[in-house]
Amino acid sequence: MEGGVNLRNWADLLPDALGLIFSHLSLQETLTIVPRVCKSWNQAVLGPYCWQNINILDWSYRSNPEHIDQMLRLLVTRSGGAFREITVSGILNDLTFLFLADHDSDQSHLLIFLVLFEFWGTPFGYASARSLHTLQIPRCNISDTIVEQLSTKLSAVTFMDLSYCCKITARALSAVGKSCKALVGFRRNMHPIDIKERRPQAEEALAIAATMHKLKHLELAYNCIDTKSVVEIIERCKELEFLDIRGCWDVKFEEDWLEKRAPTVKVLGPHIVDQFEGHSCSDYSDTDSLIGGRLELRFYERFGENYSNGWA
Numbered sequence: 069m070e071g072g073v074n075l076r077n078w079a080d081l082l083p084d085a086l087g088l089i090f091s092h093l094s095l096q097e098t099l100t101i102v103p104r105v106c107k108s109w110n111q112a113v114l115g116p117y118c119w120q121n122i123n124i125l126d127w128s129y130r131s132n133p134e135h136i137d138q139m140l141r142l143l144v145t146r147s148g149g150a151f152r153e154i155t156v157s158g159i160l161n162d163l164t165f166l167f168l169a170d171h172d173s174d175q176s177h178l179l180i181f182l183v184l185f186e187f188w189g190t191p192f193g194y195a196s197a198r199s200l201h202t203l204q205i206p207r208c209n210i211s212d213t214i215v216e217q218l219s220t221k222l223s224a225v226t227f228m229d230l231s232y233c234c235k236i237t238a239r240a241l242s243a244v245g246k247s248c249k250a251l252v253g254f255r256r257n258m259h260p261i262d263i264k265e266r267r268p269q270a271e272e273a274l275a276i277a278a279t280m281h282k283l284k285h286l287e288l289a290y291n292c293i294d295t296k297s298v299v300e301i302i303e304r305c306k307e308l309e310f311l312d313i314r315g316c317w318d319v320k321f322e323e324d325w326l327e328k329r330a331p332t333v334k335v336l337g338p339h340i341v342d343q344f345e346g347h348s349c350s351d352y353s354d355t356d357s358l359i360g361g362r363l364e365l366r367f368y369e370r371f372g373e374n375y376s377n378g379w380a
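So for the sequence shown, the numbering used here puts the first residue at 69; every next one is plus one.
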């Protein structure tokens, strides 16, 4: 080679390396442009390496609900069950959630099982080999029943988002907490416009307090919860570092309560000024409330996740 430079063909890259590169592209580019480049790139897109982190949140916001379910099933199938992240909005029904849970069993787990059995005689550790760690499905239409039935299949999940899921109640949250022992982040925000018609959610908060003891990050913005249930969460979730209770207008703390009882917990809210004033469970405050004088008003719309661009 001239100048002693050995140039390698991009088509010769390993599939897992290609998958890592393609993960930085938009969904549209990955599905429609990359496969046309060459045979090896097409094979990479068809295989599991591109779909270990399935994040189609932005695309799903702009898509027909039926298309969302179809796309999700396509990508989960391509992943071969090896997906680590599912981030999508607007799942239509329980059947799609069932499809996700049933496919969260990487085919390579069978090989792991056989290897462990061959060398160690017992396949210890196999039961926790499921691959899904991040499940974000806001605005979905799944029910308590399906969550209760399938929560044990989500035992390795560390972060979950069930925001704006109106069919879900304390029953589902309790099942999640009991099954997902590794859960450190949970998001259950609700939309402020719907707050007048919303049922009281104190039972949901109590279910979180009773079952999700390892939580470090919890978001409950615009929930109809009271002071007692929030205190229960703070006292029972000993590892909690951040709590978002913006718009939970019935929550009222004494000025120095958090300083004395939970000095390491950063609390955002409950009182803020926004365009939804007048749609609260209780009275609004005219000023931002920085509890105990320890907080800056920050909006946590991410939980350490890298969001890919949607399909424009």
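Ideal placement from N, C-alpha and C gives every residue a C-beta, glycine not left out. Small disclaimer: the values here were computed from a predicted structure and weren't measured.
- Comparing alpha carbon positions, the residue from H281, K221, E271 and I261 closest to G245 is H281.
- Residue state for H339 is assigned as coil, using DSSP reduced to three classes.
- For the 9 Å CB-CB criterion, R267 and L288 do not form a contact.
- Taking each of C292, L286 and N123 in turn and checking the Cα distance to S157, the smallest one comes out for N123.
- Separation of S131 and C106 (C-alpha to C-alpha, rounded to the nearest whole angstrom) is 29 Å.
- DSSP lists Q204 and R255 as the beta-bridge partner residues of D229.
- If you draw a 10 Å sphere on the C-beta of P206, you find 16 or more other C-beta atoms in it, and that means buried.
- For Q204, the number of other beta carbons within 10 angstroms of its own is at least 16, and it is reported as buried.
- Cα atoms of L114 and E272: separation of roughly 41 Å, rounded to the nearest angstrom.
- For D126, the secondary structure class from DSSP, reduced to helix, strand or coil, is helix.
- L125 and T100 have their C-alpha atoms roughly 18 Å apart.
- Membership of T155 in the beta strand (DSSP E) is indicated by the continuous run E153 to T155.
- Judged by DSSP in its simplified three-state form, N291 adopts coil rather than helix or strand.
- Counting other Cβ atoms within 10 Å of its Cβ, P116 reaches 16 or more and is therefore classed as buried.
- Around the beta-carbon of H135, fewer than 16 other beta-carbon atoms lie within 10 Å, marking it exposed.
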